[in-house]
Amino acid sequence: MAVLRDCLSGLNPEQREAVLHIEGPLLVLAGAGTGKTRVITSRIAYMIEQGVPPDQIAGMTFTNKAAAEMRERVAAMVPGSAAEKVTLGTFHSFCARILRRDVGYAGNYNSNYSILDESDQTGIIKQASAELGFGKDEIPAKEAAAFIGRCKNQMLFPADVKAGQGDAFLAIYERYQQILELQNALDFDDLLLLTLKIFREHPECLARYQDRYRYLLVDEYQDTNAAQLKLLQYLTQYRQNICVVGDDDQSIYAWRGADVGNILNFPTYFPGAKEIKLEQNYRSTNNILRAANSVIARNGARFDKSLWSNRGDGEELKLALLEDGDAEADFVVNMMEHIVSANPDLTYRDFAVLYRSNYLSRVLEQTFRAHGIR
0 MAVLRDCLSG LNPEQREAVL HIEGPLLVLA GAGTGKTRVI TSRIAYMIEQ GVPPDQIAGM
60 TFTNKAAAEM RERVAAMVPG SAAEKVTLGT FHSFCARILR RDVGYAGNYN SNYSILDESD
120 QTGIIKQASA ELGFGKDEIP AKEAAAFIGR CKNQMLFPAD VKAGQGDAFL AIYERYQQIL
180 ELQNALDFDD LLLLTLKIFR EHPECLARYQ DRYRYLLVDE YQDTNAAQLK LLQYLTQYRQ
240 NICVVGDDDQ SIYAWRGADV GNILNFPTYF PGAKEIKLEQ NYRSTNNILR AANSVIARNG
300 ARFDKSLWSN RGDGEELKLA LLEDGDAEAD FVVNMMEHIV SANPDLTYRD FAVLYRSNYL
360 SRVLEQTFRA HGIR
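Residues in the sequence shown are numbered from 0 upward in steps of one, following numbering that gives the first Met the number 0.
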């Protein structure tokens, strides 16, 4: 009972509902600052308390740091070594674990395969280009690597790519993949691609992992791509015990292959899914949240949600409309100087200036220097 109290205490009604829902697909729409990590870790602890074998639970994140934090939190709620038996890691580390045992199903690889870093990948792309007769600088390695990455994130092997879609890049991709196999090497994207190939072509192997991992949890689901969605669909083909936590309003990684459609269409991909919205924000005040809500509401394709807080309204937001970047920089510096002069305990180190893109920092830096602020 102590574990049950620990994993449910302090949860708001929506968080509690998400923790208690174990069987069947669940979409938790968790706005910024709504306690999503606590929901995930409490849910794992609750499942273990309810008798789910911890080695049947897999949680997938996008960083090793997030996975380590989750394991630490679960360990604090669950007695003994149960937390260590839960599989927690990134999508890529999850697939790497599978491939260490079963990579032979994917081709002429063995379990001692190496994983290329970016420098290794660039070197092999240049080798492939040279072997195909391209000049040293004729095909930029960075662009070829981007093409190969896009193909793999869309689950396309060289034979799957239509001719005419970057023929030079396609030829390099094909030769690059041959070299990797000869060297018993994989690049980062191969970890997912080859796992999916094994699951597609060897149903007996897939069945083993479906039986092993009966409960899946996914953090930052809005950042998943097509290959990651396919992996989840394979693993949950029969039991459908999947909980994804994410926020379509925070989908910012389309440039690296993330597809916000994965979260928007979750009820279609996983029929019968329950949807729970976490809208109570524990981080900000209501003036900030109302401004954020009014801006994001203009997005066309999104789940309707509105963040709120019990922390009061807080400071009023001020909006300044200025002519250009120079005027903006002058306004920011003048305001900072005024605040510092009125508050002797403050220094310029107490301020933060946010901007949308790195190139916008130049005029700010120039203005700071002109005012002796360094």
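Cβ coordinates follow ideal geometry from the N, Cα and C atoms, glycine included.
Alpha helix (DSSP H) segment containing I287, residue limits:
N285 to I295
Excluding the five sequence neighbours on either side, which residues of its own chain have a C-beta within less than 6 Å of the C-beta of A17, listed in chain order?
V27, V38 and I275
For G88, three-class secondary structure by DSSP
strand
Should A129 be flagged as near chain C, meaning a C-beta pair shorter than 7 Å?
Reference to chain C is not applicable here, since this structure consists of a single protein chain.
Can at least three beta-carbon pairs, one atom from the region 152-171 and one from the region 188-207, be found at a separation below 8 Å?
yes
Find the nearest neighbour of D247 within the set L216, G260 and L359, judged by alpha-carbon distance.
G260
Taking contact to mean 3 or more Cβ pairs, one atom from each stretch, closer than 8 Å, check whether the region 205-217 and the region 137-144 are in contact.
no
Restricting to runs no shorter than 4 residues, where is the alpha helix (DSSP H) found entirely within the region 216-294?
225-234, 260-263 and 265-268
Option nearest Y45 by Cα separation, candidates L19, D116 and G148:
L19
Between which two residues does the alpha helix (DSSP H) holding V27 run?
Per DSSP, V27 belongs to no alpha helix (DSSP H); it is in the beta strand (DSSP E), L25 to A29.
Curious, which full-length beta strand (DSSP E) runs of at least 3 residues does the region 337-372 contain?
none
Over the uninterrupted beta strand (DSSP E) stretch that includes I56, give me the two end residues.
I56 to T60
Smallest Cα separation from A291: which of I147, T62, L306 and R301?
L306
With distances taken Cα to Cα, identify the nearest neighbour of Q239 among G148, D312, F269 and G311.
F269
The region 83-91 contacting the region 47-54, beta-carbon criterion three pairs below 8 Å:
yes
Please tell me whether F265 and A257 are closer than 7 Å, where the distance is taken between their beta carbons.
no
Where S113 sits in the DSSP three-state scheme:
strand
Below 8 Å on the Cβ atoms is my contact criterion, and I expect L387 with I338 to pass it. Report the Cβ-Cβ distance as a whole number of Å.
This structure does not reach residue 387, given that the chain is present from 0 up to 373, and the question cannot be answered.
Taking the runs of the alpha helix (DSSP H) that are 4 residues or longer, which of them lie wholly in the region 154-186?
166-181
Considering only their Cβ atoms, is the gap separating L263 from A206 smaller than 7 Å?
no
Judging by CA-CA distance, which residue of K35, S8, D5 and E13 is the nearest neighbour of G245?
K35
Apart from the five residues just before and just after I124, which ones in its own chain have a Cβ nearer than 7 Å to its Cβ?
A140, A143, A144, I171 and Y175
Roughly how many whole angstroms lie between the Cα atoms of R70 and D159?
39 Å
Do you know whose CA, among S8, T33, L7 and M76, lies nearest L277's CA?
T33
Which residues bound the alpha helix (DSSP H) around Q209?
P202 to R211
Whose CA, out of A31, I251, V243 and D5, lies closest to the CA of S283?
A31
Excluding sequence positions up to five away, which residues of its chain have a Cβ less than 6 Å from the Cβ of R310?
T284
Can you give me the C-alpha to C-alpha distance between F133 and N107, rounded to a whole angstrom?
27 Å
Taking the C-alpha atoms as reference points, what is the distance between P78 and C6?
12 Å
Nearest-angstrom Cα distance between E336 and L363?
14 Å
Please classify L228 as buried or exposed, where buried requires at least 16 neighbouring CB atoms within 10 angstroms.
buried
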